[in-house]
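Just below is one structure, and these are the notes that go with it.
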Amino acid sequence: MTSIIFVRHAHSTYTADERNRPLSAEGFQAALNVKNVLEAVRIDRFVSSPYLRAVQTIQVAANARGMEIEEIELFKERLLAGAPVDDFNYAIQKVWEDETFAWPGGESNQAAQARGAFALKQILNTYAGEQIVIGSHGNLIALIMNALESTYSYDFWKRLTMPDVYKLDFVGEQLDAVTRLWRE
Ligand SMILES: O=C(O)[C@@H](CO)OP(=O)(O)O
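Okay, so the sequence shown: first residue is 135 according to this note's numbering, each after it adds one.
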């Protein structure tokens, strides 16, 4: 059995600097609760999107265990568009309605899902038998889970909280069980 614990990052005040914007004060507070939630879980490895808000959300938990975080570019958020969009909700809805649609300079659901599913497969194969925390983002986590089970879709993405924590158990590459660990 291999387990992936996906952690959707905590609150970060929006700026166009996707890579470097940090958690807000509220987000840092929530990162402490992420550490508390993860205390009950055996963890062999911490992996993250390189975006600061994702790293910072699992940093407290990793520090508490004296463990490093391996940053993997493929777990970064889907690039919605090359430039900031006027209506974020509409822009997101549109890409979920048509998996091949992409805003100029952005990634389609299909493209982002393919890289996310590929990254997950690499983790499952390289670290088989381990329990691995992966810090990532709302859209990418929902897209990866959608590739495993189609009921995880736009509505699931909308319901995700900031932060959120889901444990996925695999037998080989086969999804066996999903448990939400985050309690609001
Ligand atoms: O940018 C953010 O802070 C939000 C946008 O909804 O989250 P994510 O990184 O999960 O897309």
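Each residue gets a CB set at the ideal place from its N, CA and C atoms; glycine is no exception.
Item, Value
"Using a Cβ-Cβ cut-off of 6 Å (strictly less than) and excluding sequence neighbours within five positions of leucine 208, which residues of its own chain qualify?", "Arg249, Ala253"
"Let me know the alpha helix (DSSP H) ranges lying completely inside the region 266-305, each 4 residues or longer, listed in chain order.", "272-282, 288-293"
"What distance in whole Å lies between the Cβ atoms of isoleucine 192 and valine 168, which are believed to be in contact at a cut-off of 8 Å?", "7 Å"
"What I want to know is whether the C-beta of glycine 306 ends up closer than 6 Å to one or more non-hydrogen atoms of ligand 1.", "no"
"Is alanine 215 helix, strand or coil when you go by DSSP?", "coil"
"What whole-angstrom Cβ distance do glutamine 265 and valine 175 have, given they're in contact under 8 Å?", "7 Å"
"Within 10 angstroms of the Cβ of arginine 317, are there 16 or more other Cβ atoms? Answer buried if so, exposed if not.", "exposed"
"I'd like to know whether the C-beta atoms of glycine 216 and proline 184 end up nearer to each other than 7 Å.", "no"
"For a test of your reading of the model: does the CB of serine 146 fall under 6 Å from any non-hydrogen atom of ligand 1? Yes or no.", "yes"
"Below 6 Å, is the gap between the Cβ of glycine 269 and the nearest heavy atom of ligand 1?", "no"
"Short check: CB of arginine 142 to CB of aspartate 310, under 7 Å?", "no"
"Leaving out five residues before and five after leucine 213 in sequence, what residues of the same chain have Cβ atoms less than 6 Å from its Cβ?", "Gly240, Glu241"
"For leucine 166, count neighbouring C-beta atoms within 10 Å of its own C-beta (all shown protein chains included) and say buried if the count is 16 or more, exposed if not.", "exposed"
"So, with DSSP's three-state summary, where would you put leucine 309?", "strand"
"Hey, out of His271, Phe304, Lys292, whose CA is closest to leucine 157's CA?", "His271"
"Tell me whether asparagine 243, by its Cβ, gets closer than 6 Å to a heavy atom of ligand 1.", "no"
"Mind listing, in chain order, the continuous alpha helix (DSSP H) runs of no fewer than 4 residues lying wholly within the region 150-188?", "159-172"
"I want to check one thing, is the minimum distance from the CB of glutamate 231 to the heavy atoms of ligand 1 below 6 Å?", "no"
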